[in-house]
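Undergrad:
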Amino acid sequence: MPNDLYKIKKLLSTKNGTFTYYSLAELQKQGHAIDKLPFSIRILLENALRNYDDFAVTKENIETILQWKPAGSDKDIPFKPARVLMQDFTGVPAVVDIASLRAEIARKGKNPDEINPLIPVDLIIDHSVQVDYFGTEYAYSRNIDEEYRRNKERYQFLKWAQKSFTNFNVVPPGMGICHQVNLEYLSKGVIERNGEIFPDTLVGTDSHTP
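Structural data, given as structure tokens:
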């Protein structure tokens, strides 16, 4: 375990198998006042401990989090989220960028399929739908039909992207706003990846993404 700086990587046996995790309780036993840290700071601490490589995440970064004070600090800390949440207004341009990168890689004679998001990305279509019909039982379906008609090329592009990219999923219009869909359907609480479990975290393309 070369990245287990504080020797706190543990095994958890469950009916679904055995998993590894970074135990903040073990760090507490070493004399660190983990119980005094807000839960949000503990999430950042676990994230830094798990991703420690002495390059992108250093011991100094971890010590900065361990020494957290309510007054704040001018020191930067790394954060590697478990996933990314996008909405269509700002997310579609990002998908276009990935497609452009693939096109450039192909022009250079390399494999464009190697260009993919490194972590799971969900793009939720919630900013585009207009209300043309209301007050009837068919309003919902007609508004959705109009949305697909108006933005046919956009949805063809997103359908292609979802089929072509790994780690990329599109939630179609009419399912709810991105924050609601995230909290009710996408958020897992605990992520399992390659036999390791850790808290679910994300960054979003909305300024107020939870």
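In the numbering used here, the protein residues as written are 33 to 242. The beta-carbon is built from N, C-alpha and C at its ideal position, and this holds for glycine as well.
Around the C-beta of residue 194, are 16 or more other C-beta atoms found within 10 angstroms, so that it is buried, or is it exposed?
TA: Per the 10 Å Cβ criterion, exposed.
Undergrad: Counting Cβ pairs, one atom from each stretch, are 3 or more of them under 8 Å apart for the stretch 175-184 and the stretch 154-164?
TA: The answer is yes - the stretch 154-164 touches the stretch 175-184, with three or more Cβ pairs under 8 Å.
Undergrad: Cα-Cα, which of 72, 79 and 151 is closest to residue 55?
TA: If we check each option's Cα against that of residue 55, 79 comes out closest.
Undergrad: Quick test of your reading: residue 81 and residue 44, contact by CB under 8 Å. State the CB separation rounded to the nearest angstrom.
TA: So it is not a contact: roughly 16 Å between Cβ atoms.
Undergrad: How do the stretch 197-205 and the stretch 152-162 stand: do at least 3 beta-carbon pairs fall below 8 Å, yes or no?
TA: Contact holds: three or more Cβ-Cβ distances are below 8 Å.
Undergrad: Under three-state DSSP, which class holds residue 238?
TA: The answer is coil: DSSP assigns residue 238 none of H, G, I, E or B.
Undergrad: Cutting at 6 Å between CB atoms, please list the residues of its own chain near residue 144, excluding the five before and the five after it.
TA: Result list for residue 144: 134, 137 and 138, in chain order.
Undergrad: Output yes or no for whether 8 Å exceeds the beta carbon distance between residue 151 and residue 113.
TA: Contact flag set, yes.
Undergrad: With 16 as the cutoff for other CB atoms within 10 Å, does residue 104 come out buried or exposed?
TA: It is exposed - the Cβ of residue 104 has fewer than 16 other Cβ atoms within 10 Å.
Undergrad: For residue 62, count neighbouring Cβ atoms within 10 angstroms of its own Cβ and tell me buried if that reaches 16, exposed if not.
TA: Residue 62 should be labelled exposed.
Undergrad: Give me the Cα-Cα distance between residue 110 and residue 125, rounded to the nearest whole angstrom.
TA: Taking the straight line from one Cα to the other gives about 25 Å.
Undergrad: In three-state terms, what does DSSP make of residue 119?
TA: If DSSP states are grouped into helix, strand and coil, residue 119 belongs with the strands.
Undergrad: With burial defined as no fewer than 16 other Cβ atoms inside 10 Å of the residue's Cβ, what is the status of residue 33: buried or exposed?
TA: Residue placement at residue 33 is flagged as unreliable, the pLDDT there being 43, under the threshold of 50; a coordinate-derived value is accordingly withheld.
Undergrad: Quick one: what's residue 231 bridged to in DSSP?
TA: Bridge partners of residue 231: 222.
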